[in-house]
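Numbering (the working numbering), first residue to last: 786 to 1091. All C-beta atoms in this analysis are idealised placements derived from N, C-alpha and C, irrespective of residue type, glycine included. Right, one structure below, let's go through it.
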Amino acid sequence: MTRLDRAIGAVLGSAAGDALGAPYEFGPAGELTARGEEMRGCGGWDPGEATDDTQMAVLVGESLLEHDGLELADVFGRFQRWAAAAPKDIGLQTEDVLTSGEAWDLAAALHFQINARAAGNGSLMRASTSAVYFAAAGREGTMDAARRIAALTHGDRAAWEGTAVLHELVRVTLDGGDPLAALPEVLGAVHPDHRARYGVVLGPDWHPGLATEFNGAVWPCLGSAVWALRTTTGFAGAVRAAVDLGGDTDTVAAVTGTLAGALYGQAAIPPEWTAPLHVPLPGYGDRVLDAEGLRTLARSLAGGRA
Ligand SMILES: [Mg+2]
């Protein structure tokens, strides 16, 4: 398997997980298996329709490519344009920050100052494209980029650190490494104030039943994705396990799909999942990316930035 297969797997896998999980959002555990029906339309989503997770990931990826690097103000502007066009779904925290009217470098911090709760999984969910792009920048480079993109909408450092961990796990995996074996070392690169808490949810014995928050929070979301990877043996099994957890199914599956796609490569993603896959981009005319559009985006991003 080539590095490019893994890079495409991360971007496409995240989108596939997002679309698979979308109809089950906030539902009970085990619903996907109980229904035995995959990529069904429901809850306002068409079969194969990707949600805000993938829509925002595409916006980040296109900004990186057009600017040949990270222009945070541009990423924020793209998010705002998208948020103003009434996407079908948008995280509460993300919406508050993007519509606050504050400047890009203040909005999230001000929101956090007032609300003191900003450790949602909303920056983790959209990280597949930036993780692929910055993988070439090394551990410090990719973790730093992850933190800065996360901080555009999330003022809580917990969200930055979780996103940085995901970036680094993708980097290791694209290089052919084992993301689970890399966890102890990756934890060492987490900000000291946040290391212990991530150490718990990323530990080998942790499982989603031990979560102390709803999986819309960054810690159990990332922990559940790693658990899904650890307890299954292929892409589809990992992503199904994530959706079957219930709760924030699209996002837990999108994060799982990022990791599992990088690990198992694009060929492991079921074609019956990628065939109906499509990503509308509210605010950007009638643009809709299909699986081939996501592959093209991933190929360009995999060129990366050293
Ligand atoms: Mg979503």
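Pair within 8 Å by beta-carbon distance, residue i and residue j
| i | j | result |
| --- | --- | --- |
| residue 882 | residue 1083 | no |
| residue 1024 | residue 1042 | yes |
| residue 944 | residue 931 | no |
| residue 1066 | residue 840 | yes |
| residue 993 | residue 1009 | yes |
| residue 951 | residue 1040 | yes |
| residue 1046 | residue 835 | no |
| residue 1027 | residue 886 | no |
| residue 909 | residue 864 | no |
| residue 816 | residue 1031 | yes |
| residue 789 | residue 1052 | no |
| residue 1068 | residue 869 | yes |
| residue 976 | residue 998 | no |
| residue 833 | residue 878 | no |
| residue 837 | residue 874 | yes |
Secondary structure of residue i, DSSP reduced to three states
| i | result |
| --- | --- |
| residue 838 | helix |
| residue 1074 | strand |
| residue 939 | coil |
| residue 1002 | strand |
| residue 975 | coil |
| residue 984 | helix |
| residue 808 | helix |
| residue 991 | coil |
| residue 945 | helix |
| residue 889 | coil |
| residue 1056 | helix |
| residue 1022 | helix |
| residue 815 | coil |
| residue 1065 | strand |
| residue 1042 | helix |
| residue 828 | coil |
| residue 846 | helix |
| residue 1008 | helix |
| residue 862 | helix |
| residue 1088 | coil |
| residue 962 | coil |
| residue 907 | coil |
| residue 1032 | strand |
| residue 855 | coil |
Exposure of residue i, with buried meaning 16 or more beta-carbon neighbours within 10 Å
| i | result |
| --- | --- |
| residue 768 | Outside the shown range of the chain (786 to 1091) lies residue 768, about which nothing can therefore be said. |
| residue 786 | exposed |
| residue 791 | buried |
| residue 919 | buried |
| residue 964 | buried |
| residue 1020 | buried |
| residue 897 | buried |
| residue 911 | buried |
| residue 852 | exposed |
| residue 899 | exposed |
| residue 829 | exposed |
| residue 808 | buried |
| residue 810 | buried |
| residue 855 | buried |
| residue 891 | exposed |
| residue 981 | exposed |
| residue 961 | exposed |
| residue 970 | exposed |
| residue 1050 | buried |
| residue 922 | buried |
| residue 876 | buried |
| residue 904 | buried |
8 Å contact criterion, which residue i and residue j should meet: CB distance rounded
| i | j | result |
| --- | --- | --- |
| residue 893 | residue 940 | 4 Å |
| residue 812 | residue 1034 | 7 Å |
| residue 954 | residue 967 | 7 Å |
| residue 958 | residue 849 | Not confirmed; about 19 Å, so no contact. |
| residue 956 | residue 924 | 7 Å |
| residue 1092 | residue 983 | The structure shown does not extend to residue 1092, since the chain is modelled only from 786 through 1091, so no value can be given for it. |
| residue 1059 | residue 797 | 6 Å |
| residue 927 | residue 846 | That pair is no contact at about 14 Å. |
| residue 972 | residue 987 | 7 Å |
| residue 1029 | residue 814 | 6 Å |
| residue 1002 | residue 802 | Wrong, their Cβ atoms sit about 18 Å apart, outside the cutoff. |
| residue 942 | residue 979 | 6 Å |
| residue 800 | residue 824 | About 12 Å separates the two Cβ atoms, so there is no contact after all. |
Any non-hydrogen atom of ligand 2 closer than 7 Å to residue i Cβ
| i | result |
| --- | --- |
| residue 1017 | Looking for ligand 2 in the displayed structure turns up nothing; the ligands present are ligand 1. |
Chain B within 8 Å of residue i, Cβ atoms only
| i | result |
| --- | --- |
| residue 921 | Protein chain content of the structure displayed is limited to a single chain, and chain B is not contained in it. |
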